[in-house]
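K.L.:
Chains as they are written, first to last, in the numbering used here: chain A, 1 to 292; chain B, 1001 to 1292; chain C, 2001 to 2394; chain D, 3001 to 3394.
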Amino acid sequence: MAIIVDKDIPTIVQGITGANASLHTRFMLQYGTKIVGGVTPGKSGQNVEGIPVYDTVQDCLAQHPEANVSSVWAPPRFAKDAILEAIEAGIKSIIVITERIPVHDMLYARHVAKSKGVMIIGGNTPGIISPGKALVGMLPKIAFQPGRIGTVARSGAVTYYIANSLNLADLGESTSVGLGGDPILGTNFEEILNLFDKDSETDAVVMAGEIGGVYEELAAPFISTMSKPVVAYITGKAAPQGKRLGHAGAIIEGSMGTAASKIDALEKNGAIIAETLSQIPALVKKALGGAR
Amino acid sequence: MAIIVDKDIPTIVQGITGANASLHTRFMLQYGTKIVGGVTPGKSGQNVEGIPVYDTVQDCLAQHPEANVSSVWAPPRFAKDAILEAIEAGIKSIIVITERIPVHDMLYARHVAKSKGVMIIGGNTPGIISPGKALVGMLPKIAFQPGRIGTVARSGAVTYYIANSLNLADLGESTSVGLGGDPILGTNFEEILNLFDKDSETDAVVMAGEIGGVYEELAAPFISTMSKPVVAYITGKAAPQGKRLGHAGAIIEGSMGTAASKIDALEKNGAIIAETLSQIPALVKKALGGAR
Amino acid sequence: MRLYEYEAKGLFRRHMLPVPNSVVVDENSLCELYKVIYPVVIKAQTFAGGRGKAGLVQFATQRGEAEEKIAGMLGKKHAGHTVDKVLVEAKVSVERELYLAVVVDRLEHRPMIIASQRGGMDIEEIARKEPDAILKYYLNPGADLHAFMARNIASGLGLSGVLLASGAHIINKLYDIFRGYDCKVAEINPLVICGGGTVYALDAKVDLDEDAMFRHPQLRELGIVARHEVGELTEREKIAKQAGIPYVDLDGDIGVFPGGAGFGIAAIDLIQHYGGRPANFMDSGGAPTQEKLRAMLSLLLDNPRVKAIFGARFGGISRCDDWAKAVVKYVVENRPQKPMIMRMAGNMEEQGRKILEQAKAENPELFSKIKVYAYDTPIEHVIEETIRAAQTQD
Amino acid sequence: MRLYEYEAKGLFRRHMLPVPNSVVVDENSLCELYKVIYPVVIKAQTFAGGRGKAGLVQFATQRGEAEEKIAGMLGKKHAGHTVDKVLVEAKVSVERELYLAVVVDRLEHRPMIIASQRGGMDIEEIARKEPDAILKYYLNPGADLHAFMARNIASGLGLSGVLLASGAHIINKLYDIFRGYDCKVAEINPLVICGGGTVYALDAKVDLDEDAMFRHPQLRELGIVARHEVGELTEREKIAKQAGIPYVDLDGDIGVFPGGAGFGIAAIDLIQHYGGRPANFMDSGGAPTQEKLRAMLSLLLDNPRVKAIFGARFGGISRCDDWAKAVVKYVVENRPQKPMIMRMAGNMEEQGRKILEQAKAENPELFSKIKVYAYDTPIEHVIEETIRAAQTQD
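#1: Helix, strand or coil for A86(A)? Go by DSSP, reduced to three states.
#2: Hey, could you find the ends of the beta strand (DSSP E) F3257(D) is sitting in?
#3: Take I234(A) and list the residues in its own chain whose beta-carbon comes closer than 6 angstroms to its own, dropping the five residues that flank it on each side.
#4: Against chain C, which members of the region 1205 to 1233 of chain B pass a CB distance test of less than 9 angstroms?
#5: What whole-angstrom Cβ distance do A2060(C) and R2051(C) have, given they're in contact under 8 angstroms?
#6: Less than 8 angstroms between the CB atoms is what I'm expecting for A2066(C) and N2021(C), so what's the real figure, rounded?
#7: Among the candidates L107(A), W73(A), D59(A), K114(A), whose CA atom is the shortest distance from the CA of E89(A)?
#8: I'd like the list of long-range same chain contacts for S2284(C), defined as Cβ closer than 8 angstroms, with 5 residues on each side in sequence excluded.
#9: Anyone know if the C-beta pair for K2184(C) and V2104(C) falls short of 8 angstroms?
#10: Using only the alpha-carbon positions, how far apart do A1163(B) and A1274(B) sit?
#11: Could you tell me whether any Cβ in chain B is nearer than 8 angstroms to the Cβ of I2134(C)?
#12: I want to see whether chain D comes within less than 8 angstroms of L1084(B), judged by CB atoms only; does it?
#13: So, is the C-beta of V1103(B) closer than 8 angstroms to a C-beta in chain C?
#14: Using DSSP with H/G/I as helix, E/B as strand and the rest coil, what is L3208(D)?
#15: Within the same chain, show all residues whose beta-carbon is closer than 8 angstroms to that of G3195(D), passing over the 5 residues directly before and after it, in chain order.
#16: Cβ closer than 7 angstroms: which chain A residues qualify as neighbours of S2298(C)?
#17: Could you check whether the region 2129 to 2137 of chain C touches the region 2105 to 2116 of chain C, counting it as contact only if at least three pairs of C-beta atoms, one from each stretch, sit closer than 8 angstroms?
#18: What's the C-alpha gap between D1203(B) and I1003(B)?
#19: For R148(A), report the span of its beta strand (DSSP E) as first-last.
#20: Judging by CA-CA distance, which residue of C3320(D), K3241(D), M3112(D), A3287(D) is the nearest neighbour of F3281(D)?
#21: Out of curiosity, what's the CA-to-CA distance linking A3267(D) and M256(A)?
#22: What is the C-beta distance between L2174(C) and A2165(C), in whole angstroms, given that I count them as a contact (C-beta under 8 angstroms)?
#23: Would you please state the rounded distance, in angstroms, between the beta carbons of G127(A) and M119(A)? I believe it to be under 8 angstroms.
#24: Taking only three categories from DSSP, how would you classify R292(A)?
#25: Going along chain A, which residues have a C-beta under 7 angstroms from Q3391(D)?
#26: May I have a chain-ordered list of the beta strand (DSSP E) segments no shorter than 3 residues that lie completely inside the region 3170 to 3251 of chain D?
#27: Please confirm whether V2467(C) has its beta-carbon closer than 8 angstroms to some beta-carbon of chain A.
#28: Within the continuous beta strand (DSSP E) that includes D2986(D), where are the two ends?
#29: Helix, strand or coil for S2022(C) per DSSP?
#30: Are L320(A) and V230(A) touching if we call contact CB-CB under 8 angstroms?
#31: Find the nearest neighbour of V1214(B) within the set K1080(B), S1227(B), G1249(B), judged by alpha-carbon distance.
#32: For a test of the three-state rule: what should DSSP assign to P3278(D), helix, strand or coil?
#33: Evaluate the contact criterion for the region 40 to 55 of chain A versus the region 19 to 28 of chain A: three or more CB pairs, one atom per stretch, below 8 angstroms.
#34: If we cut at 8 angstroms on Cβ distances, does R2051(C) have a partner in chain B?
#35: Please list the terminal residues of the continuous alpha helix (DSSP H) segment that includes P1221(B).
#36: What is the residue span of the beta strand (DSSP E) that F3059(D) lies within?
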């Protein structure tokens, strides 16, 4: 069984009638994700790609009580409310696609989620894919193929390029998790590394971080306790100070959050550092003893 | 051992530098209550009747970590904050003398207290006395004498007159609890009746209620399960509708909270109803089988 | 403290809660009627129910008719209250009537939102006839009502499409008012849905916590000031309010000068129990000042209906010496002729007794009708003696 | 988004947080100086530290001296920023300096109040020299800071007597600002206690969450608008901001036209790694419109410094067909002469490829310098080819 999402896990889509959400609902369905319902307030009675739309998560779960994963596509100012709605209705894993959610909103939603044992992935995550099984989010299926490498990255495109590199070297992914590019994340590297370390379908992990925040540094000590090799790729070495680079979280503030400090912490704790994307597959293979 | 307060329980006074609080601090000390400290923000370094004054409950408890009862004398607009301060600092029983605390404030303070297992008595309570042992609040000592009758009443003066009646009939009190005249109370009749029922020093209970609210009706079913007799005295039979009679809680709203509905609920559940104050001692004696 | 419908609707309007266009008029402001669009509903402003049956809710299709009907309502007595204002409101075409309220739930000690698709009836009536048609939603004290919660309730009210958002908006706003103004009750019944999907609060019931008025100075801007929970104050009650004394006029002849509120309530009962008729309820509050005690005595002794005073002070937070001092001062200055039968016990009793004895020794004549019993005299004895004194005065 | 000291103090003043009297002046508003009482402190408005050492904080005892010193500051460069405003503030007599801040704690994911009796130093410096002199107080997200908590902190700061209340007031207000304006940091350093017990925020550092600016329209009234976290925008950055494109000017010659932000950061690294020099950072955001893609290309191709474009689209939420359409339209309309080496893969890739092929077939000449690789070409290959193309352009 894959981590977090899988073929048989019933899933809902919050904000399903939006242009992006409805397009990716089609892609997710094509991929085999078991989407049972969608939610957009005021749009009940419609359907998107054959999936019924409800006004509230509560109404949706009344019809589909088995659903326990949701992806959230609501605009930033409504994201907190959508997450709280999913938590209150009993959803256990919430994949937050929405980007640039206000920091205080995410702190609050995260606090409620943690107190109720709910997992939030993101905000600003491209989603999660277990190749061949399920896709929740907007990752392009072409980038992924089934395999035994777990990947976790802050950035969407970097996730795709890593998988792309692995695939070109005949490796594949057990699960690829987009951690999200927002400054406050529902789930951090350590939590995902822990899931991969326990996952019988994963042999090694590639993690990709970037400047800003401390999530990479925080995960470093855990890596030294892991049974599986971790290849780490950190971007932003060439980034200027004090300027936010696209992702709300990607900013070097003072001496905090530089690529160097992250690489240093990871390397010290046994992670194998990749300098470029194309180095990654070779380093993974080497770490696995060339067995694969 | 008496219920709630006792000779050896270290106690603090919040708002101690106020005129009433300082006068009653003297009376409490004279009675033997073990007051260890007082709190008034901005007045640290002073003392009242030899009791040191601190700026915060936290500072007070740093010096007197054994204290676990507080009486609150703060003005109504500061009462909520004083109660929360006591809870946060670790006080376990809070006797709230302040009257006319806003309803929403008391709901909030009560909610926090319940979630942390803290007992609030009041607001608008005259306090609690275990005759001969301890007095927390402003009850006049002359009204009470040691004995084996527990009393609990919404009103202060009614508490005194009941004890006065009992004493004139050679009965005395194990503990007398003022429940408080405010509409939202920290502790209700049922909780106090339960303590008396378990108390080895109490043989019978006198409860006095009044118009307004539903605390009397709510306690009625519990009376039928008690091992000790309960004499109930309910006032407000002559009260007009829709007019608040002094106590913030004492108002008949529609068909709710009338003296008749309370008397009816109590009588049905086995309470002995007293029509006047002077009937009370005789009814108590009769219920105890004339043994005393 | 119950608000008039027009006051509650003023509060609603201020907080973007939709109400029909309206004006409030009294006999001096009928000119305001030019502001409304006909047909209108004319509603007498009074708290008691049954306005419809009493002819206090009427319709008018043009101004002349409206003025006539208003004239018929103003000055009418309804449940003890004289109608002095009417609300003249644009009539809206109602498609559905809902019920919505936020209240302090006294059992759960939490705010509770009550919603029902059966609007227009009393909530007690709905509860009796169709308990399943009532939706209850509890919140923790101080908690936010998140937007999704309001949508859940709106959805439970059968609202969908654009009405889902309007309904949720109204639920959020009503909760904001409940929290923001320390309401005990904030009720919209009926909440109506009109043709075209507009939504209005057609009636409004707001009950404020009088003890929290100090933090809502903005209510004064709306002309809302403290008063009885229901009905108007008598002249004496207004004087008492000014002096900060909880006081209610009753129709008997024994002035009640008690200590606290709780015993004030008991005293009225006891006087009736022994065959007397109390003239008032009164409460000194904790630790009254000399000024306040003096005002309390004036209220009783200036009342021509009062024939005798029953007094009681059991000193707790209120001290016997203060009480005695106030009584002596009042008697010496005002030389009242009515008998005053009283009892005094409790904190600072000894000091109080000395004050009384000294005054009596100095002015035996003046204090001849004044008796002050002590701890060992049952209170019922004092009451019975007062009743006899009142009867003798006849 | 970091505020200037004068902006932060404006916010403080609006919320009753005491700051010394002051005026902000630039070269056109020196007349405002009549408003302050001398002696004054003159502080250049710039974000970087070390203002004191750079002569950007000076004192003046009368107006002439102030004008002279202001003239010396305006136009000065400090850490890449040109001083164009100074804050002229009444000098206060300081008895004690405290430190106070509310920040988002990234480890605990909660608001944290930091207080210290060692004000005036950097908090990192205090942490290094005297870690025990720092008081930390955590709150749950969304929780109220009750008055007693603020008093506890004030007491922890060694305040007592009347200062306890003033200190607690300031702590409460600072937390209100932190919550009310979505701050990441709200810092007062130093918070000073002056003779006579008055308290002032002598410096103010506020860092707002740019993503929450939408709910604070009142900031605009204070003249505060979105900008870089630190420093001023270049002309091109201003154009990009107008178009809603995250864009940062760098000093190289390879225009970077990536998909998302994360790969934008990676692309800069990779270009440097292979010996090239990126001209910019850029992010399309999720699912950019045609309009936006067009503006992105303009930003790069209109930049005279740019010699070649490196492009990459891995279609996730952003679609390849949209991307291809925008590229084709731009090229046809603007006929750029610079080489564009790109890679396109992911969602709607097939459709995108058709669009590109058709355009190339119609205009082979125009597309001669444009290459679009596919899934099977490693991105590093594309980068290396772009670097070579840029070098050839020299």
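Where is the CB? At the ideal position from N, CA and C, for every residue including glycine.
P.N.:
Based on what the coordinates show:
#1: As a first step, residue 86(A) is located in the first sequence; it is residue number 86 there, counting from the start. A86(A) sits in a helix when the DSSP states are folded into three classes.
#2: Within the fourth sequence, the letter at position 257 stands for residue 3257(D). Looking at the DSSP string, the run of the beta strand (DSSP E) that includes F3257(D) is 3254 to 3257.
#3: Your numbering for residue 234(A) matches position 234 in the first sequence. So the list reads G209, A259, K262, I263, once near-sequence residues are dropped.
#4: Contact annotation: in the region 1205 to 1233 of chain B, residues whose CB is within less than 9 angstroms of a CB in chain C are A1208, E1210, I1211, G1213, V1214, Y1215, L1218, Y1233.
#5: Sequence index remark: in the third sequence, residue 2060(C) carries index 60 (1-based). Sequence index remark: in the third sequence, residue 2051(C) carries index 51 (1-based). Taking C-beta atoms under 8 angstroms as the contact rule, A2060(C) and R2051(C) fail to qualify, at a distance of about 16 angstroms.
#6: Taking the third sequence and counting its residues from 1, one reaches residue 2066(C) at position 66. Taking the third sequence and counting its residues from 1, one reaches residue 2021(C) at position 21. With a beta-carbon spacing of about 14 angstroms, A2066(C) and N2021(C) fall beyond the 8 angstroms limit used to define contacts.
#7: Indexing the first sequence from 1 puts residue 89(A) at position 89. The identity of residue 89(A) in the sequence shown is Ala, whereas the question assumes Glu. Taking only the C-alpha atoms, the option nearest A89(A) is D59(A).
#8: Indexing the third sequence from 1 puts residue 2284(C) at position 284. Cβ neighbours of S2284(C) beyond the five flanking positions: I2245, P2258, G2259, G2260, K2292, L2293, M2296, S2318.
#9: As a first step, residue 2184(C) is located in the third sequence; it is residue number 184 there, counting from the start. As a first step, residue 2104(C) is located in the third sequence; it is residue number 104 there, counting from the start. Cβ distance < 8 angstroms, so K2184(C) and V2104(C) count as in contact.
#10: For this step, residue 1163(B) is matched to residue 163 along the second sequence. For this step, residue 1274(B) is matched to residue 274 along the second sequence. If I take the Cα positions, the gap works out to 14 angstroms.
#11: Residue numbering aside, residue 2134(C) sits at position 134 when the third sequence is read from its first letter. For I2134(C), the answer is no, since every Cβ of chain B falls outside 8 angstroms of its Cβ.
#12: The sequence position of residue 1084(B) within the second sequence is 84, counting from 1. A Cβ of chain D is located within less than 8 angstroms of the beta carbon of L1084(B).
#13: Looking up residue 1103(B) in the second sequence gives position 103. True, the Cβ-Cβ gap to chain C drops below 8 angstroms.
#14: Translated into positions along the fourth sequence, residue 3208(D) becomes position 208. Three-state DSSP puts L3208(D) in a strand.
#15: The residue labelled residue 3195(D) in the question sits at position 195 within the fourth sequence. Around G3195(D): S3093, E3095.
#16: Mapped onto the third sequence, residue 2298(C) falls at position 298. Per Cβ cutoff of 7 angstroms: no residues; S2298(C) is ~56 angstroms from chain A at best.
#17: Yes: the two stretches touch, three or more of their Cβ pairs being nearer than 8 angstroms.
#18: Walking along the second sequence from the start, residue 1203(B) turns up at place 203. Walking along the second sequence from the start, residue 1003(B) turns up at place 3. If you draw a straight line from the Cα of D1203(B) to the Cα of I1003(B), it comes to about 13 angstroms.
#19: On the first sequence, residue 148(A) is found 148 positions in, with the first residue counted as 1. Annotation for R148(A): the continuous beta strand (DSSP E) segment containing it runs 146 to 153.
#20: What you label residue 3281(D) is simply residue 281 of the fourth sequence in a count that begins at 1. Per the Cα distances, K3241(D).
#21: The residue labelled residue 3267(D) in the question sits at position 267 within the fourth sequence. The residue labelled residue 256(A) in the question sits at position 256 within the first sequence. Spanning the two alpha carbons is a distance of roughly 22 angstroms.
#22: In the third sequence, counting from the first residue as 1, residue 2174(C) sits at position 174. In the third sequence, counting from the first residue as 1, residue 2165(C) sits at position 165. Not confirmed; about 15 angstroms, so no contact.
#23: Indexing the first sequence from 1 puts residue 127(A) at position 127. Indexing the first sequence from 1 puts residue 119(A) at position 119. Between G127(A) and M119(A) a beta carbon distance of about 14 angstroms is seen, past the 8 angstroms cut, so the two are scored as non-contacting.
#24: As a first step, residue 292(A) must be located in the first sequence, where it is residue number 292. With a pLDDT of 43 at R292(A), under the threshold of 50, the predicted position of this residue should be treated as unreliable, though the coordinate-derived value follows. Note: R292(A) maps to coil in three-state DSSP.
#25: Here residue 3391(D) is taken as the residue at index 391 of the fourth sequence, counted from 1. Residues of chain A whose Cβ lies closer than 7 angstroms to the Cβ of Q3391(D) do not exist; the shortest such Cβ separation is about 18 angstroms.
#26: If you keep only unbroken beta strand (DSSP E) runs of at least 3 residues inside the region 3170 to 3251 of chain D, you get 3183 to 3194, 3199 to 3201, 3205 to 3208, 3247 to 3249.
#27: This structure cannot speak to residue 2467(C), because chain C is shown only from 2001 to 2394.
#28: Look at the range of chain D in this structure, 3001 to 3394, and you will see that residue 2986(D) is not part of it.
#29: Within the third sequence, numbered from 1, the residue matching residue 2022(C) stands at position 22. Reduced to three states, the DSSP call for S2022(C) is strand.
#30: In the structure as shown, chain A starts at 1 and stops at 292, and residue 320(A) therefore has no counterpart that could be examined.
#31: Against the second sequence, residue 1214(B) aligns to sequence position 214. It is G1249(B) whose Cα lies nearest to the Cα of V1214(B).
#32: Here residue 3278(D) corresponds to residue number 278 of the fourth sequence, with the count starting at 1. Three-state result, P3278(D): strand.
#33: In short, these stretches touch, since the Cβ pair count reaches three.
#34: Along the third sequence, read from residue 1 onward, the residue named residue 2051(C) stands at position 51. Contact of R2051(C) with chain B is not assigned, every C-beta pair being separated by 8 angstroms or more.
#35: One-based indexing of the second sequence puts residue 1221(B) at position 221. It spans 1215 to 1223 - the alpha helix (DSSP H) in which P1221(B) sits, taken as one unbroken run.
#36: The residue you call residue 3059(D) lines up with position 59 of the fourth sequence. Counting along the chain, the beta strand (DSSP E) containing F3059(D) begins and ends at 3057 to 3060.
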